[in-house]
Every structure is written in structure tokens, then in C-alpha cells.
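Enquirer: Could you have a look at this structure, given as C-alpha cells, before my questions?
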Amino acid sequence: MSYLEVDPAVLRSAGRQLRAAVEVARDVRHEGGTLAVLVADAGHERLADAVQTFFDTWSHGIGCLIEDAERLATMLTDAGTAYGQVESSIVRACEPGG
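Following this line, the structure appears as C-alpha cells:
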């Protein structure tokens, strides 16, 4: 027989850590826009176009990752909360007079 063990605190912690990683990804995404502006200001049109094309594609991809990571972080946090509530309910039910 296999057992499922869940540590609610670990799930909630993973959700918080993933949210922190999302914030870093947002910062990197924002700085990529700054890079594109700096390259455009350098005055080399073909390089600026190449950087802008790369940044547009990359920005879309990281945006998708950010959305997925946010959703997963919420799911982890919510699962940790739910497991914690169930665990507390079981403990209360097993107490004398519970």
C-alpha cells in the first residue's frame, strides 16, 4: 500500500518562493525593454530591429511563463492551506470529546 504524505507548510512555502521567482522574471522582462531602447538609441537600425524582434518574441514567451507560474503558485498555496485545514480538522475530531 502506498501513502500520500503532504506537508502543508512546504506547499505554501513553494508557492511563496515561486511568486518571488515571478517577480524576478517581471523585473528581467522590464529591463529587456530598457535594453531595446538603449540599442535603438545607439543608431544602428539593423541591430535595433534584430533586438526588437528578439525582445518581442522573448517578452511574449516570458509573459506566458509568468502567467503559468502565478497560477501554479496560487494552486500550491491553496493546496497547502486546504491540507492544513483538513489536518487540523482530523486532529480535532480525534481528540477526546471531538
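Residue numbers are given in my numbering: position 77 of the sequence shown equals residue 369, and the series is strictly consecutive.
Note that beta-carbon positions come from the ideal geometry of N, C-alpha and C, so glycine has one too.
For the alpha helix (DSSP H) containing Asp299, name the first residue and the last one.
Expert: Segment: none, Asp299 is in no alpha helix (DSSP H) and carries neither H nor E.
Enquirer: In this structure, how does DSSP classify Tyr375 when only helix, strand and coil are distinguished?
Expert: Helix at Tyr375.
Enquirer: Looking only at its chain, what residues have a beta carbon closer than 6 Å to the beta carbon of Ala306, apart from the 5 residues adjacent to it on each side?
Expert: Contacts found: Leu368.
Enquirer: Within this structure, are the beta carbons of Phe347 and Leu330 separated by less than 9 Å?
Expert: In this structure, Leu330 does not lie closer than 9 Å to Phe347 by Cβ.
Enquirer: Enumerate in chain order the residues of its own chain whose CB-to-CB distance from Leu310 is below 7 Å, with the five nearest sequence positions on each side excluded.
Expert: Taken in chain order, the residues that qualify are Ala361, Leu364, Ala365, Leu368.
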